[in-house]
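**Q**
Protein chains: 2
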Amino acid sequence: MALPRQSEDFPSWYQEVVKQADLAENSLVRGTMVIKPYGFAIWERIQEAFDERIKATGHQNLMFPMFIPARLLEKEAEHVEGFAPEVAVVTHAGGSELEEPLVIRPTSETIIWDAYSRWIQSYRDLPLLYNQWCNVVRWELRPRLFLRTTEFYWQEGHTAHETAPEAIAEQRMILTDVYQDVVERVMAMHVAPGHKTESERFPGALDSMTIEALMRDGKALQSGTSHYLGQNFAKAYGVQFQGRTGELESPYATSWGVSTRLVGGLIMQHGDDRGLRLPPALAPYQVVIVPIHRTDDERSRVLEAAAKIVAELGDLRVKVDDREEHRPGYKFNEWELRGAPVRLELGARDLDQEQATVVRRDTMDKSPRPLGSVAEHVRGLQAEIQRELRRQARAFTEEHTIRPGSYDEMRSFLVASGGFAIASWCGSGECEAKVKAEAKATIRYLPMDPVRPEGPCIVCGDEGVDAAAWARAY
Amino acid sequence: MALPRQSEDFPSWYQEVVKQADLAENSLVRGTMVIKPYGFAIWERIQEAFDERIKATGHQNLMFPMFIPARLLEKEAEHVEGFAPEVAVVTHAGGSELEEPLVIRPTSETIIWDAYSRWIQSYRDLPLLYNQWCNVVRWELRPRLFLRTTEFYWQEGHTAHETAPEAIAEQRMILTDVYQDVVERVMAMHVAPGHKTESERFPGALDSMTIEALMRDGKALQSGTSHYLGQNFAKAYGVQFQGRTGELESPYATSWGVSTRLVGGLIMQHGDDRGLRLPPALAPYQVVIVPIHRTDDERSRVLEAAAKIVAELGDLRVKVDDREEHRPGYKFNEWELRGAPVRLELGARDLDQEQATVVRRDTMDKSPRPLGSVAEHVRGLQAEIQRELRRQARAFTEEHTIRPGSYDEMRSFLVASGGFAIASWCGSGECEAKVKAEAKATIRYLPMDPVRPEGPCIVCGDEGVDAAAWARAY
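Right, here's the structure in full:
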């Protein structure tokens with residue numbers, strides 16, 4: 277079935293790509309999803325890339341249970357207020373009613389800091405640099421595959437430090453050296469790092485940082501967050517340690533996470549009217565060979581040549597699509613939709629001319645190549661396509677970022693989902709609320725290396741204290 | 277704290293090893309556990325080894341949600357009867373009571389076969405060879421860390437096939453080529469493969485196969501199972517496909533799983549009175565270097581020599597335990613307890629003699645080695661220790677397997693938790709029940725390549741139809 281055009285109906289385009297590329301589908305319980313093999317293979321590679329960086333930066337994985345006694349959630353006031361409306365609650369188990377209801381983790385600060393109260397005794401126990409990959413549950417009213425699901429998959433890092441500067445350095449390091457690095461290098465996406473305003477902060481955090489990615493419909497997607505929690509959780513859960521001077525002190529905390537939502541970001545930042553475009557680093561199949569033949573004799577010659585090329589492609593992930601029930605044209609469309617970086621068309625006539633046809637998914641360039649060097653060419657294309665997707669993502673973001681001269685200009689731009697509008701802001705929640713009411717847009721981030729605000733707040737005209745990037749958002 | 281001896285109090289020995297080696301601890305909700313970083317690093321390597329084999333044998337990973345509508349569980353009669361008493365139920369979410377309660381998956385046949393009813397239309401869609409790594413919940417009355425926890429982590433494979441022989445071949449292939457292979461090759465354990473009797477079958481299966489491992493207290497641990505489900509789930513969930521002849525047919529199913537329980541098996545099959553013994557393939561640190569020094573000058577010389585050895589050890593996982601607050605003797609004990617395969621003691625006096633002391637955890641052999649070749653020696657030890665642990669596990673199992681000549685002999689052996697007793701069995705549940713009542717032992721497996729039963733049933737004297745391996749079990 278043909279895809280809707282992005283420019284005509286982006287939400288339907290997204291939904292159809294997820295469905296037709298066989299990435300995921302809705303499951304029986306509202307808001308839950310099945311991640312299908314092709315989609316899960318992409319997520320596994322994303323996970324692997326983050327896991328490697330998380331470990332390389334000194335963190336260890338562990339695993340906490342998903343059940344949290346309801347009373348535990350209530351100890352940090354802002355936190356419970358933020359999450360209580362979203363939690364799922366187990367009231368019965370093993371055939372009878374539980375004495376105390378259990379909350380399924382919406383995030384794990386509470387149960388982890390309760391454990392840290394036993395694990396942290398002395399400054400020698402610090403820092404604790406721990407992470408877990410797990411499922412979490414937040415009841416969603418308007419679920420959307422990958423972007424907002426009731427159950428989703430993520431990693432959550434939870435660290436404890438002796439001093440505030442150490443914790444703040446960790447929070448920033450995770451944002452830039454882990455999250456931004458992997459998202460840009462491996463996912464070939466472009467993101468802007470920055471701080472959240474108070475109204476968008478994680479419940480219980482003193483500072484939330486974010487990487488924000490612009491989707492092809494001009495809306496922003498919060499793609500990863502890193503929080504500095506100060507001593508809030510340490511104090512709420514009674515965590516104290518003997519410091520170097522012998523005094524009892526409270527440790528400083530960070531928490532940070534990226535989730536399956538990133539798959540949605542990948543689709544919406546790279547995809548085009550033909551469907552997905554996958555960076556080679558993540559593609560389940562980096563090369564798809566489509567054999568073209570009419571007779572049995574042609575078929576065996578072509579498949580033999582395909583097998584030879586597969587061997588030459590070595591450790592690249594290659595699929596020979598030799599399904600009998602579909603014609604080549606159908607397969608071309610399907611692998612364009614599913615985002616395979618390179619398609620190799622191999623026909624009997626090509627063989628006679630000692631060549632194969634190579635099609636790049638990123639540019640849709642199509643060119644014949646001599647059989648003798650096609651493997652080498654295709655191998656070289658992988659890094660090139662990775663770079664090109666990254667370049668396009670950055671260019672798109674830059675082309676859709678403005679510095680408006682007036683509030684009217686900004687509002688029109690935001691109402692039309694034009695992208696990021698970066699402008700001076702006075703720091704007040706009232707101005708945020710006004711833009712939200714009039715343009716359905718929020719401050720996505722305050723640039724990390726602050727762009728000096730130029731002139732007065734674009735909304736109210738009072739003194740500007742920060743540059744702020746506004747956009748509509750998912 | 278000193279460990280209890282295995283021979284005096286095996287359960288306490290187990291509990292203390294888990295605690296003192298910092299593998300896991302109980303969490304707040306009864307029966308749930310926190311897997312700590314050292315334990316989780318072991319589990320991650322186990323997972324990785326299985327995942328690699330599962331993929332190499334043609335399977336793909338995907339992910340189903342953990343929430344199953346209660347009505348869905350009820351469609352396969354035996355299955356619901358088996359699992360209903362153990363499930364945890366979500367009744368409230370998002371601030372209000374749910375219209376229909378949700379069961380948290382105790383296993384996923386029900387939700388997966390419901391999806392297969394949409395995914396399978398034609399014989400061309402078969403086989404489906406899918407697997408997922410996830411958490412499951414079964415309410416446990418007598419929880420024990422790793423062995424039986426309310427929430428545990430596992431992989432569950434769910435395949436659908438055109439014919440019964442294909443499904444049965446898959447069931448056996450998983451048991452021997454994936455499970456037994458990884459458990460023996462990577463975990464260095466010894467297991468016996470076989471079939472379960474009807475009374476021990478998975479609810480809804482036509483045949484359950486198992487790998488059973490003997491622990492050092494003579495009790496067996498079911499370490500992995502692979503089930504042939506026939507058409508039970510296909511029929512319960514209305515899965516039909518158009519076969520090669522155009523007729524509508526029901527596919528044949530398998531399901532199979534290994535879990536974090538394997539970590540318990542690893543501890544109890546390899547451990548000794550000093551603590552854990554880890555096979556090098558799984559050890560978070562394959563080599564621990566303990567520097568020994570009294571003066572600052574000695575310290576810097578020793579740490580310099582240690583750094584040189586670390587570099588020479590290349591990609592081995594090495595830890596230099598340079599904690600200041602503990603003496604070398606403390607560290608020796610701790611790393612013996614935590615099962616590091618090789619300890620390298622490096623003192624100033626050793627350096628003067630151009631040597632280091634190498635201690636093998638498997639044999640506790642201790643020998644000096646010239647500094648110039650110590651890295652090469654330690655590297656070679658890895659494969660040797662892996663083999664030796666495997667050899668010891670096999671030898672222990674063989675030494676604790678008897679073929680009793682009489683029922684009395686068998687009963688006494690089983691009552692004393694002597695190991696496996698292999699004897700003829702008439703196939704009746706009455707004889708199984710009698711042994712269970714009189715010796716608290718069950719048939720752990722019917723050997724896969726059937727040992728011809730010799731003579732009459734050891735329990736009742738009727739004709740023997742199978743050889744059966746009895747043991748007490750976890």
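Same order as they appear, the protein sequences are chains Y and F. Just remember that the working numbering sits 276 ahead of the position in the first sequence, which is counted from 1. Just remember that the working numbering sits 276 ahead of the position in the second sequence, which is counted from 1. Ideal Cβ positions, reconstructed from N, Cα and C, are used throughout, including at glycine. Fair warning: this is a prediction, and the values are worked out from it, not measured in the lab.
Return the chain-ordered ranges of every alpha helix (DSSP H) run that is complete within the stretch 640 to 714 of chain Y and spans a minimum of 4 residues.
**A** 647 to 675 and 683 to 691
**Q** Does the separation of the CB atoms of Q662 of chain Y and P560 of chain Y fall below 8 Å?
**A** no
**Q** Where does the unbroken alpha helix (DSSP H) through Y561 of chain F begin, and where does it stop?
**A** Run containing Y561 of chain F: none; DSSP gives neither H nor E here.
**Q** Measure the C-alpha to C-alpha separation of L482 of chain Y and G470 of chain Y and round it to an integer number of angstroms.
**A** Approximately 14 Å, taken between the alpha carbons.
**Q** Any C-beta of chain F sitting closer than 8 Å to the C-beta of P345 of chain Y?
**A** Look at P345 of chain Y: its C-beta is under 8 Å from a C-beta on chain F.
**Q** Quick check on I444 of chain F - is its C-beta less than 8 Å from some C-beta in chain Y?
**A** no
**Q** Could you spell out where the alpha helix (DSSP H) holding A582 of chain Y opens and where it closes?
**A** D572 to E588
**Q** Can you tell me whether T425 of chain F is buried or exposed, with buried defined as 16 or more other CB within 10 angstroms of its CB?
**A** So T425 of chain F ends up on the buried side.
**Q** Could you name the residues of chain Y that Y455 of chain F contacts, counting a contact when the two beta carbons are closer than 7 Å?
**A** Result: empty, since nearest Cβ-Cβ is about 21 Å, beyond 7 Å.
**Q** In this structure, does DSSP put T386 of chain F in helix, strand or coil?
**A** helix
**Q** In chain F, which residues lie less than 7 Å from G533 of chain Y when you measure between Cβ atoms?
**A** Simply none; closest approach about 17 Å.
**Q** Between the C-alpha atoms of Q397 of chain F and N302 of chain F, what's the straight-line distance to the nearest angstrom?
**A** 46 Å
**Q** Under a Cβ-count criterion, where at least 16 other Cβ atoms within 10 Å of its own Cβ denotes burial, should Y290 of chain F be classed as buried or exposed?
**A** buried
**Q** By how many angstroms is the C-alpha of L497 of chain F removed from the C-alpha of L690 of chain F?
**A** 15 Å
**Q** Once DSSP output is grouped into helix, strand and coil, what is the label at G500 of chain F?
**A** strand
**Q** How would you call P341 of chain Y, buried or exposed, if buried means at least 16 neighbouring beta carbons within 10 angstroms?
**A** Label assigned to P341 of chain Y: buried.
**Q** For G648 of chain Y, count neighbouring Cβ atoms within 10 angstroms of its own Cβ and tell me buried if that reaches 16, exposed if not.
**A** Classified as exposed, G648 of chain Y has fewer than 16 neighbouring CB atoms from the shown chains inside 10 Å of its CB.
**Q** Considering only the beta carbon of each residue, do R520 of chain Y and Y406 of chain Y sit closer than 8 Å?
**A** no
**Q** Helix, strand or coil for S372 of chain Y, going by three-state DSSP, please let me know.
**A** strand
**Q** Tell me, please, whether the CB atom of H368 of chain Y is closer than 8 Å to any CB atom in chain F?
**A** yes
**Q** Identify the contact partners of W415 of chain F in chain Y, using a Cβ-Cβ distance below 9 Å as the criterion.
**A** Under the 9 Å cutoff, chain Y gives A369, G370 and G371.
**Q** Tell me the DSSP secondary structure of G490 of chain F in three-state form.
**A** At residue 490 of chain F the sequence reads Leu, which differs from the Gly that was named. Looking at L490 of chain F - three-state DSSP - the assignment turns out to be strand.
**Q** Going by Cα to Cα distance, which pick from F:V735, F:D626 and F:P280 is closest to H569 of chain F?
**A** F:D626
**Q** The alpha helix (DSSP H) spanning V356 of chain Y covers which residue range?
**A** Note, V356 of chain Y: alpha helix (DSSP H), A353 to F359.
**Q** Is M309 of chain Y close to chain F? Criterion is C-beta to C-beta, closer than 8 Å.
**A** Yes, M309 of chain Y lies at the interface with chain F (some Cβ there is under 8 Å from its Cβ).
**Q** For C410 of chain F and M339 of chain F, what's the separation of their Cα atoms in angstroms?
**A** So the two alpha carbons sit approximately 8 Å from each other.
**Q** Of all Cβ atoms in chain F, is any one closer than 8 Å to the Cβ of F340 of chain Y?
**A** yes
**Q** Does the CB of K312 of chain Y have a neighbour CB from chain F at under 8 Å?
**A** yes
**Q** Which residues, in order along the stretch 375 to 407 of chain F, keep a beta-carbon less than 8 Å from a beta-carbon of chain Y?
**A** Listed by position, the residues of the stretch 375 to 407 of chain F near chain Y (Cβ gap below 8 Å) are P377, L378, I380, I387, D390, A391, R400 and Y406.
**Q** Quick one: what's got a C-beta closer than 8 Å to I543 of chain Y's C-beta in the same chain, skipping five residues either side?
**A** Sequence-distant partners of I543 of chain Y (beyond 5 residues in either direction) whose C-beta falls short of 8 Å from its own C-beta, in its chain, are Y290, V293, V294, L299, F422 and L552.
**Q** For L524 of chain F, count neighbouring C-beta atoms within 10 Å of its own C-beta (all shown protein chains included) and say buried if the count is 16 or more, exposed if not.
**A** exposed
**Q** Can you find a C-beta in chain F that's less than 8 Å from the C-beta of E320 of chain Y?
**A** yes
**Q** Using alpha carbons as the reference points, say which of Y:E714, Y:R420 and Y:R575 lies closest to R599 of chain Y.
**A** Of the listed residues, the one whose Cα sits closest to R599 of chain Y is Y:R575.
**Q** Name the DSSP bridge partner or partners of C410 of chain Y?
**A** Paired residue(s): Y:W430.
**Q** Please name the residue or residues paired with R524 of chain F in a DSSP beta bridge.
**A** The sequence shown places Leu at residue 524 of chain F, not Arg. As a beta-bridge residue in DSSP terms, L524 of chain F pairs with F:Q518.
**Q** Name, going along the chain, the residues of the stretch 323 to 338 of chain F whose beta-carbon falls closer than 7 Å to a beta-carbon of chain Y.
**A** Q336, N337 and L338
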